[in-house]
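Only one structure is covered here, and it is reproduced in the block below.
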Amino acid sequence: EDHAVANAPTLDALAQQVASCTRCAELAETRTQTVFGVGDPSARLCFIGEAPGAVEDRLGEPFVGRAGKLLTDIIEKGMRLRREDVYILNILKCRPPGNRDPAKEEAAECREYLDAQIAHVAPRLILAVGRIAAHELLDSDAPVGRLRGKEHDYRGIPLVVTYHPAYLLRSPSQKAKAWDDLRLALRCFRGVAA
Ligand code: URA
Numbered sequence: 002e003d004h005a006v007a008n009a010p011t012l013d014a015l016a017q018q019v020a021s022c023t024r025c026a027e028l029a030e031t032r033t034q035t036v037f038g039v040g041d042p043s044a045r046l047c048f049i050g051e052a053p054g055a056v057e058d059r060l061g062e063p064f065v066g067r068a069g070k071l072l073t074d075i076i077e078k079g080m081r082l083r084r085e086d087v088y089i090l091n092i093l094k095c096r097p098p099g100n101r102d103p104a105k106e107e108a109a110e111c112r113e114y115l116d117a118q119i120a121h122v123a124p125r126l127i128l129a130v131g132r133i134a135a136h137e138l139l140d141s142d143a144p145v146g147r148l149r150g151k152e153h154d155y156r157g158i159p160l161v162v163t164y165h166p167a168y169l170l171r172s173p174s175q176k177a178k179a180w181d182d183l184r185l186a187l188r189c190f191r192g193v194a195a
């Protein structure tokens, strides 16, 4: 069955497998539903967040709560792209109860789904949104403040780290740096797209 995951012929087939996943017993028990991903399945730009929150768990779509509204503004007003033209997903497909941080083991269990999603979408640039995504994708535990501001690489795909919109809501003074991150991302994006 794990074989079927890696070889899922389409994103929809993979989403169906994810929908019935019980690898993390606690999360499978406490979630309303899995939250797979949203957007253009052949997008050139992927945003990878942490995990669904309460609103995402209820609606089945990533980044639709308060932080999600800010991410949508970042995409549409900041980057002048359309939300439906990028692909948005999370490290974890299930909401951790009470929005606690994902456990390392949970991220590890979900990693195969994440990597299959990335392989299907094959974006030209990944934006790692926040500490959890940055740490998971870069196998680092450095603060976001030190990971942002440069271009990394995830399995051959350029990757830029930025602050999580939930953090920006708490610390609006960091928005100027997030703005720099977007400019860097657009530069990388256009650089590789050219
Ligand atoms: N925060 C995230 O990291 N992802 C979501 O989908 C919602 C909030």
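Numbering follows this note's numbering, with no gaps: position 190 of the sequence shown is 191.
In this text, a Cβ means the ideal position worked out from N, Cα and C, and glycines have one as well.
Taking Cβ positions only, does residue i come closer than 9 Å to chain C?
i, result
"LEU60", "Here chain C cannot be found, since the structure has a single protein chain."
Under a three-way DSSP split, which group does residue i fall into?
i, result
"HIS153", "strand"
"ILE119", "helix"
"PHE48", "strand"
"ILE158", "strand"
"ALA9", "coil"
"ALA186", "helix"
"ALA167", "helix"
"ALA195", "Reliability fails at ALA195, whose pLDDT of 41 lies under 50, so the model's placement of it is uncertain and no value is given."
"ALA135", "helix"
I'd like the list of long-range same chain contacts for residue i, defined as Cβ closer than 7 Å, with 5 residues on each side in sequence excluded.
i, result
"THR35", "VAL19, ALA20, CYS22, LYS94, CYS95"
"LEU170", "ARG67, ALA68, LEU71"
"ILE133", "GLU51, ILE92, ASP102, PRO103"
Have a look at residue i and residue j and give me their C-alpha separation to the nearest angstrom.
i, j, result
"LEU60", "ARG147", "34 Å"
"ALA1", "GLU51", "Any answer about residue 1 is impossible in this case: the structure gives the chain only from 2 up to 195."
"SER174", "TYR164", "12 Å"
"SER172", "PRO144", "15 Å"
"GLY192", "LYS176", "24 Å"
"LEU127", "THR31", "The question names Leu, but residue 127 is Ile in the sequence shown. For ILE127 and THR31, the distance between alpha carbons rounds to 29 Å."
"ALA104", "TYR114", "16 Å"
"ILE92", "GLU137", "8 Å"
"ALA117", "ARG156", "12 Å"
"GLU77", "ILE119", "22 Å"
Can residue i be considered in contact with ligand 1, in the sense that its beta carbon sits closer than 8 Å to one or more heavy atoms?
i, result
"VAL87", "no"
"CYS127", "This sequence places Ile at residue 127; Cys is not what is there. No; taking the cut-off as 8 Å, the Cβ of ILE127 has no heavy atom of ligand 1 nearer than that."
"PHE64", "yes"
"GLY131", "yes"
"VAL19", "no"
"VAL36", "yes"
"GLY157", "no"
"PRO10", "no"
Suppose the cutoff is 8 Å on Cβ atoms and the five residues either side in sequence are ignored; what does the same chain contact list for residue i look like?
i, result
"SER141", "ALA135, LEU148"
"GLY66", "GLY54, ALA55, VAL56, GLU57"
*Could you pull out every unbroken beta strand (DSSP E) segment of at least 3 residues lying fully inside the region 16-48, listed in chain order?*
The region 16-48 contains these whole beta strand (DSSP E) runs: 38-40.
*Starting from the N-terminal side, write out each stretch of the alpha helix (DSSP H) that is 4 residues or longer and does not extend beyond the region 48-116.*
If one requires a minimum length of 4 residues, the alpha helix (DSSP H) runs lying completely within the region 48-116 are 55-60, 67-74, in chain order.
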